[in-house]
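Going down the list, the sequences are from chains A and B.
Count along the first sequence starting at 1, add 1402, and that's the number in my numbering.
Count along the second sequence starting at 1, add 1402, and that's the number in my numbering.
Number of protein chains: 2
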Amino acid sequence: MPPELNLRITPRTVQQETVDKLRLAILSGLFQPGSRLIESQLCAQLGISRPSLREALRSLEAERLIEIVPNRGPSIPALSWEVATAIYEVRELLEVEAAGRCASRISPAQLRELERSLSAFEEAASSKDSIAQVMTAADFYSIILANCGNPILEEVHRGLVARISFFRGRSMSLEGRAQSSLAEMREIFESIAAGDEKAARKASKQHVLRAKAAAKISMDSDI
Amino acid sequence: MPPELNLRITPRTVQQETVDKLRLAILSGLFQPGSRLIESQLCAQLGISRPSLREALRSLEAERLIEIVPNRGPSIPALSWEVATAIYEVRELLEVEAAGRCASRISPAQLRELERSLSAFEEAASSKDSIAQVMTAADFYSIILANCGNPILEEVHRGLVARISFFRGRSMSLEGRAQSSLAEMREIFESIAAGDEKAARKASKQHVLRAKAAAKISMDSDI
DNA sequence: GTCAACAGGATTGTCTGACATTCTTTCAAT
DNA sequence: ATTGAAAGAATGTCAGACAATCCTGTTGAC
């Protein structure tokens, strides 16, 4: 009898572990935007070889989480407000569509799940833990996206949101943003629960626009 | 001397060349869906080392152009009709938005460029060269996407369209599809030229829906 | 004949080490 | 202070190696 019952069918490779670790590090803001990543340092810190690391870096590059300039190596891209705006606009497009579809097709079980994640965010919103706020909020969206009936919508959305994680952590720290965010999310939830597609779209749109505005404020506030 | 002017020529690395070559090979249907790619074979054919190849493969994996299963290696994913439908739906979302924006912001110079690409497609449509048809049609869209004012919209769209290139080549071969496609594209062009945002959206939506229908037919026709 | 265990080859995952090329920084010379 | 050259650091790329895993065809048992 194996002491560790590992039912995982796909074995986790070094490359996958590395991508996950680095992605998490990037998303949680461990690296300064614009800073360079030195291969030899990362190899030592992660305890892996250069070829494995470089494979992982190529994956992250394709996700647009890092940039790799020939002969200069990988670095954390500095997100301009223009690009951030563009991302928010596409995010709006996708999220509105997802919320609308979700309203007319989510299952009761998943709806309960959505309610639970809203409660989790509510709790986080009362605290000052902005990391918990971002994570629980992300759960909320991901349930909506997972239930919109279009896996591609979900996939693209995840990729985009990852790239603006930088702003999300900061804007959540804004005075009152977490609470107003909670109100907006509750409205989205209520609309979905009521099966009101139109209302879900409207609430969702409102939410993204407010999030964008909050991100802009947090960006302008301190440079 | 304007500091914006970037004279830096980015040297092309082996990895970039490899990604481009493989992407082109995949998009032009050189590999059968579901077929496996053997690293040693590709290395020999491309004349590169395994580490370089593996980096390129990771990039393509992140683009979803290939799949890499641990211990089984890379393969060409077989696109299910479900996923294809999902992609067409998101493509519709993006393309409609892009066409609408394009209508109210494209420059005269770019509009002429768009007209030129439409003519190029017209010529290709008369021929039986389905590859030329797909390429010129792709040019047409890419001009629209490049002028919608949102680089992310463009980026995401490019990634999605690449994944359904399989269908596009086949559906263009369908009896009369190229000609009806031409008519639809001309309508899109006319709407944009007239600066009629609403009409551009409508025409664009129609076009994607018809393309999806054609893809479905070409898929059902022979399996 | 069908099915299961098995051996062997093929293929991938990963590492080490190496070297040329290309930045980047330092330091000296004008 | 500006320029230029040399030293140092980091990347791009390769070759070779080996264990772990997958695939295939054969053998053996029922």
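No residue lacks a Cβ here, since even glycine has one placed at the ideal position from N, Cα and C.
Predicted model only: the values in this text are computed from it and were never measured.
Looking at the backbone, the Cα of R1588/B and that of L1520/B are separated by about 7 Å.
Beta-bridge partners assigned by DSSP to P1476/A: I1470/A.
Just so you know, the alpha carbons of S1623/A and S1430/A end up roughly 20 Å apart. Excluding sequence positions up to five before and after K1614/B, its CB lies within less than 6 Å of the CB of Y1490, all in the same chain and listed in chain order.
The beta carbon of Q1608/B is closer than 7 Å to those of E1586 in its chain, skipping five residues each way along the sequence.
Collapsing the DSSP output to three states places R1438/A in a strand. Only residues of its own chain outside the window of five on either side were considered, and among them L1462, E1465, L1467, A1564 have a CB closer than 8 Å to the CB of R1425/A, listed in chain order.
In this structure, DSSP gives G1561/A a helical state, which the three-state scheme calls helix. Rounded to the nearest angstrom, the gap between the Cα atoms of L1455/B and Q1417/B is 7 Å. Only residues of its own chain outside the window of five on either side were considered, and among them E1556 have a CB closer than 7 Å to the CB of A1548/A, listed in chain order. Secondary structure at K1530/B: coil, using DSSP grouped into helix, strand and coil. Between I1590/A and I1508/A, the C-beta spacing is not below 8 Å. Residue burial annotation: S1529/B is exposed, with fewer than 16 other C-beta atoms found within 10 angstroms of its C-beta. The three-state reading of DSSP puts D1598/B in coil, since its state is none of H, G, I, E or B. Between R1493/B and G1551/B, the beta carbon gap of about 19 Å keeps them out of contact (Cβ cut-off 8 Å).
If you check the CB distance, L1495/A and P1435/A do not come in under 8 Å. In this structure, S1437/B sits away from I1470/B, with a CB-CB distance that is not shorter than 8 Å. Listed in chain order, the non-local C-beta contacts of F1568/A below 8 Å within the same chain comprise G1431, P1435, L1481, local neighbours out to five positions each way being set aside. Separation of A1526/B and Q1581/B (C-alpha to C-alpha, rounded to the nearest whole angstrom) is 10 Å. Taking 8 Å as the CB threshold, I1533/B stays off the interface with chain A. Taken atom to atom, the span from the alpha-carbon of R1612/A to that of P1453/A is near 43 Å. With 16 or more other CB atoms across the displayed protein chains lying within 10 angstroms of its CB, A1605/B is buried.
The Cβ atoms of V1610/B and E1497/B lie closer than 8 Å to each other. In the three-state reduction of the DSSP assignment, E1577/A falls in the coil class, being assigned neither a helical nor a strand state. Between A1616/A and L1584/A, the gap from beta carbon to beta carbon reaches 8 Å or more. Secondary structure at G1502/A: helix, using DSSP grouped into helix, strand and coil.
Rounded to whole angstroms, the Cβ separation of W1483/B and M1621/B is 6 Å, and the two are in contact under 8 Å.
Secondary structure note for I1566/B: it is in no alpha helix (DSSP H), with a DSSP letter that is neither H nor E.
If you look at I1508/B, you'll find it isn't in any alpha helix (DSSP H); DSSP assigns it neither H nor E.
With distances taken between CA atoms, G1571/B lies nearest to Q1535/B out of I1554/B, D1598/B, Q1535/B, A1602/B.
Leaving aside the five residues that flank E1515/B on each side, the residues in its chain whose CB is nearer than 7 Å to its CB run, in chain order, I1545. Here R1414/A is exposed. Its C-beta has fewer than 16 other C-beta atoms within 10 Å.
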